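Participant: Going down the list, the protein sequences come from chains X and Z.
Be aware that the first sequence starts at 52, since it is given in the numbering used here, and climbs by one per residue.
Be aware that the second sequence starts at 52, since it is given in the numbering used here, and climbs by one per residue.
Glycine included, each C-beta is placed from N, C-alpha and C at the ideal position.
Predicted, not measured: the structure shown is a model, and the values here were computed from it.
Quick one: the structure is below, questions incoming.
Protein chains: 2
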Amino acid sequence: MSERAVSIVDVGPRDGFQAIAAFIPTATKIDMIARLHAAGVRRVEATAFVSDKAVPQMADAAEILAASRDLPGLDVQVLTPNVRYAEKAIGAGARHIAFVLSVSEKHNLNNVRRLPADSAAEYATLAKTVGDQTRIRLNVATAFDCPFDGPLAPEQTLALLEHLVESSPDAEVALCDTTGRVTPDRVRSLFETAMTRLPLVSRWAFHGHDTYGLGVANVLAAYDAGVRVFDASFAGLGGCPFAPGATGNVATEDVVWTFEQMGVRTGIDVAALISVARDGAALPDACSGGRVRQAVLMAQARETG
Amino acid sequence: MSERAVSIVDVGPRDGFQAIAAFIPTATKIDMIARLHAAGVRRVEATAFVSDKAVPQMADAAEILAASRDLPGLDVQVLTPNVRYAEKAIGAGARHIAFVLSVSEKHNLNNVRRLPADSAAEYATLAKTVGDQTRIRLNVATAFDCPFDGPLAPEQTLALLEHLVESSPDAEVALCDTTGRVTPDRVRSLFETAMTRLPLVSRWAFHGHDTYGLGVANVLAAYDAGVRVFDASFAGLGGCPFAPGATGNVATEDVVWTFEQMGVRTGIDVAALISVARDGAALPDACSGGRVRQAVLMAQARETG
């Protein structure tokens with residue numbers, strides 16, 4: 052049997068920390084990224100280059116990027132909302148840029164005050180600007196479901212994808228379940244169709260949320276369709292089921308634990324990951340998620356005493 | 052497209068309530084069973100006929116059974132540990148008896164102080180005793196994984212199953228993931244093999260736990276294999292990730308919500324189910340689980356307020 056493996060992108064340092072109101076000391080952020088790296092994580096979304104005023108938690112983006120880039124073998128991805136901030140990130144040393152836009156008109160307007168077509172044009176410019184030395188991750192939000200309009204027709208997502216892929220065929224494309232409401236059958240189906248219709252895309256990724264308990268189920272459905280890159284957030288940081296509109300990312304430890312149980316290699320040590328996830332969950336104002344962290348810690352407590 | 056449907060067995064009134072230390076007033080239990088029924092639940096594990104001394108929470112079994120049997124169209128299943136208690140249950144009006152034994156030697160010894168072969172012999176006697184008017188649900192615990200010994204070889208489970216099915220080919224057989232540690236690939240695989248090897252079994256069921264966040268994922272894997280009967284517990288009652296050795300059942304509302312999103316009919320009204328699940332989660336000493344309850348209640352709070 053050939054070895055099966057997946058790549059996990061821990062988006063906790065960006066998507067997770069951004070959801071926390073209280074400013075996390077820069078040294079704490081850097082320490083947690085270093086511990087994720089020590090646990091075997093080889094790709095993180097470390098920070099975002101955005102307006103300090105709009106997102107104060109990301110005000111230390113340049114410091115976080117500088118510290119993360121020193122960790123051997125770590126692929127450091129940073130989120131940028133537009134060309135201007137992408138240039139700033141690249142100037143600060145970024146070599147992997149993430150860009151996000153929504154398929155849903157209402158969600159895109161709500162998120163970045165633009166129509167999806169205008170965001171697609173911005174993306175086309177960004178793809179030209181960044182140059183050959185910088186990789187691009189394209190995050191397609193509300194690819195399945197919109198918080199305002201409910202389920203999206205697959206054709207709507209596919210039409211936008213076809214347009215986007217022309218701008219940058221080399222980009223890795225992540226289909227994002229923004230609401231956590233999509234079911235595994237639809238995840239598998241859309242990826243299978245997209246892979247057939249867009250054979251030029253070299254790498255697909257899945258970004259899911261665990262709001263309705265389907266986080267890992269949807270990851271496995273994407274895996275069945277052939278996806279091998281998965282976003283997840285240590286401690287399930289990235290939202291809170293109790294906060295209006297916020298929804299938690301699938302927990303990295305749940306995804307890693309499940310794949311390792313299935314014999315699919317992640318390269319990540321579950322015990323070391325749970326140790327940093329425990330501390331992430333304990334950050335002031337943090338709202339954590341996932342099940343594996345508590346289950347494993349309880350099992351350890353039983354065994355040791 | 053032909054209509055797709057599943058049958059949900061809410062085991063909360065037995066498996067869930069039994070995990071709660073403080074005695075739940077009999078009237079409260081009866082009220083919750085009635086509300087589950089009103090929500091569209093058509094099958095419950097209502098109580099257990101067992102030693103009052105060993106399980107004080109189930110001391111009101113006869114009253115619970117009598118009240119539940121009056122609800123129109125409700126299939127009321129009761130758990131019995133042996134022939135003696137099965138006879139007592141049938142004397143009290145039970146028409147659907149559930150029996151449990153473990154594939155794992157250590158787990159069966161720990162649970163009922165017998166070897167699996169001795170429990171199988173008890174089951175054979177019970178199957179003969181109950182007569183044609185009484186249906187049997189056979190629960191095969193640790194069918195995939197044992198809390199003491201870890202993963203079981205599929206052949207060990209299949210060998211015991213072959214022996215058990217001879218005793219009562221008409222019984223519905225539930226494969227139970229006792230620890231919550233099995234992954235969807237193994238759930239699907241064991242059911243597919245069992246269905247091929249034991250074509251006489253007319254109905255298969257899956258009973259899973261959500262300890263590691265795989266509750267719904269495993270339900271869907273069993274569904275993919277052809278299983279159409281699923282145990283679940285409203286509010287995810289039936290254990291606690293914080294309590295030594297205890298693990299929570301998959302929440303009925305998570306299972307129902309997911310199937311309904313997929314267009315698979317459960318006959319259960321999610322809103323009415325969540326209402327009783329909310330009260331179940333609020334029972335003194337209760338340890339609840341699942342994600343859908345909180346996600347839906349929060350979405351409602353946002354819309355109304």
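1) If you measure from the beta carbon of A172/X to each beta carbon in chain Z, is any gap under 8 angstroms?
2) By the criterion of Cβ-Cβ separation under 7 angstroms, what are the contact partners of L265/X in chain Z?
3) Determine the contact status of V301/X and G259/X, defining contact as a CB-CB distance below 8 angstroms.
4) Could you check whether F281/X and V306/X sit closer than 8 angstroms to each other, using their CB atoms as the reference points?
5) Assign P235/Z to one of three DSSP states: helix, strand, or coil.
6) So, at 7 angstroms on beta carbons, what are the nonlocal neighbours of N162/X in its own chain, with the 5 sequence-adjacent residues on each side left out?
7) Comparing alpha-carbon positions, which option in N190/X, V315/X, Q128/X lies nearest L226/X?
8) What ranges does the alpha helix (DSSP H) occupy inside the segment 103 to 161 of chain Z, keeping only unbroken runs of at least 4 residues that lie completely in it?
9) Who does W255/Z pair with in a DSSP beta bridge?
10) Buried or exposed for P335/Z, going by 16 or more other Cβ atoms inside 10 Å?
11) Three-state secondary structure (DSSP) at F100/Z?
12) Closer than 7 angstroms, Cβ to Cβ, to anything on chain Z: give me those residues from the segment 248 to 260 of chain X, in chain order.
13) What in chain X is Cβ-close to P107/Z, meaning under 9 angstroms?
14) Assign D121/X to one of two classes, buried (16 or more other C-beta atoms within 10 Å of its C-beta) or exposed (fewer than that).
15) Can you tell me whether A323/Z is helix, strand or coil according to DSSP?
16) Could you list which residues in chain X have their beta carbon closer than 7 angstroms to that of T234/Z, in chain order?
17) Return the Cβ separation of L116/Z and V95/Z in integer angstroms, given the expectation that the two are a contact with Cβ distance under 8 angstroms.
18) Express the C-alpha separation of V278/Z and T317/Z in angstroms, rounding to a whole number.
19) Taking T247/X as the reference, give the member of A256/X, T230/X, A276/X with the closest Cα.
20) The ligand ZN and V57/Z: does any heavy atom of the ligand fall closer than 7 angstroms to the residue's C-beta?
21) Of all the CB atoms in chain X, is at least one closer than 8 angstroms to the CB of A273/Z?
22) At a CB-CB cut-off below 9 angstroms, which residues of chain X make contact with D228/Z?
23) Could you list the residues in the segment 82 to 113 of chain Z with a C-beta less than 7 angstroms from some C-beta on chain X, going in chain order?
24) Can you pull the chain Z neighbours of T244/X, defined as C-beta to C-beta under 9 angstroms?
25) Show which residues of chain Z have a CB atom less than 8 angstroms away from the CB atom of T262/X.
26) On a Cα-Cα basis, can you pick out the residue from E243/X, R188/X, A337/X, F310/X that is closest to R146/X?
27) Please classify R55/Z as buried or exposed, where buried requires at least 16 other C-beta atoms within 10 Å of its C-beta.
28) Using the beta-carbon count (16 or more within 10 Å), is E304/X buried or exposed?
29) Over the uninterrupted alpha helix (DSSP H) stretch that includes V92/X, give me the two end residues.
30) I'd like to know if D305/X contacts chain Z, where contact means its C-beta is closer than 8 angstroms to some C-beta of that chain.
31) Quick check: the Cα distance between N133/Z and E173/Z, rounded to an integer number of angstroms?
32) Report back the beta-carbon spacing between A149/Z and L177/Z to the nearest angstrom; my notes put them in contact at under 8 angstroms.
33) Given this structure, state the Cα-to-Cα distance separating A268/Z from T309/X, to the nearest angstrom.
34) When we look at the beta-carbon of P250/Z and count the other beta-carbons within 10 Å, is it buried (16 or more) or exposed?
35) If we ignore side chains and look at the alpha-carbon of each, how far apart do T208/X and D261/X end up?
36) Count the other C-beta atoms from every protein chain shown that fall within 10 angstroms of the C-beta of M52/Z, then say buried if there are 16 or more, exposed otherwise.
Facilitator: With the structure as the only source:
1) Judged by the 8 angstroms Cβ criterion, A172/X is not in contact with chain Z.
2) Simply V267, T309.
3) Yes, these two residues count as a Cβ contact at 8 angstroms.
4) The Cβ atoms of V306/X and F281/X sit closer than 8 angstroms to each other.
5) The three-state reading of DSSP puts P235/Z in helix, counting H, G and I together.
6) Hits under 7 angstroms: S153.
7) Cα-wise, what sits closest to L226/X is N190/X.
8) Look at the segment 103 to 161 of chain Z and you find these whole runs of alpha helix (DSSP H), each 4 residues long or longer: 112 to 120, 134 to 142.
9) The secondary-structure analysis by DSSP pairs W255/Z across a beta bridge with V224/Z.
10) Counting of Cβ neighbours within 10 angstroms places P335/Z among the exposed residues, the total staying below 16.
11) Coil.
12) Listed by position along the chain: nothing, the set is empty.
13) For P107/Z, none of the residues of chain X pass the 9 angstroms Cβ criterion, the least Cβ distance being about 25 angstroms.
14) With fewer than 16 Cβ atoms within 10 Å of its Cβ, D121/X is classed as exposed.
15) In the three-state reduction of the DSSP assignment, A323/Z falls in the helix class.
16) Per Cβ cutoff of 7 angstroms: T309, Q312, M313.
17) About 11 angstroms separates the Cβ atoms of L116/Z and V95/Z, ruling out a contact at the 8 angstroms cut-off.
18) About 14 angstroms.
19) Closest in alpha carbon position to T247/X, among A256/X, T230/X, A276/X, is A276/X.
20) Summarising the ligand content, the structure contains no ligands, and the ligand ZN is consequently not present.
21) Closer than 8 angstroms to the CB of A273/Z there is not a single CB belonging to chain X.
22) When 9 angstroms is used as the limit between beta carbons, D228/Z is near no residue of chain X, the shortest such separation being about 12 angstroms.
23) Taking 7 angstroms as the Cβ-Cβ cut-off against chain X, none of the residues of the segment 82 to 113 of chain Z qualify.
24) Those within 9 angstroms of T244/X in chain Z number zero; the least Cβ separation is about 17 angstroms.
25) Residues of chain Z passing the Cβ test: R342, A346.
26) Ranking E243/X, R188/X, A337/X, F310/X by Cα distance to R146/X puts R188/X first.
27) It counts as exposed.
28) Burial call: buried.
29) Membership of V92/X in any alpha helix (DSSP H) is not indicated, and neither H nor E is assigned to it by DSSP.
30) Among the CB atoms of chain Z, one or more fall inside 8 angstroms of the CB of D305/X.
31) Rounded to whole angstroms, N133/Z to E173/Z spans 7 angstroms at the Cα level.
32) The C-beta separation of A149/Z from L177/Z comes to about 11 angstroms, leaving the pair out of contact by the 8 angstroms criterion.
33) Near 11 angstroms, if we compare the C-alpha coordinates of T309/X and A268/Z.
34) By the neighbour-count rule (16 or more Cβ atoms within 10 Å), P250/Z is not buried but exposed.
35) Straight-line spacing of the CA atoms in T208/X and D261/X works out to 21 angstroms.
36) The predicted model places M52/Z with a pLDDT of 46, which falls under 50 and marks its position as unreliable; any figure quoted below should be read in that light. Only exposed fits M52/Z, as fewer than 16 other CB atoms lie within 10 angstroms of its CB.
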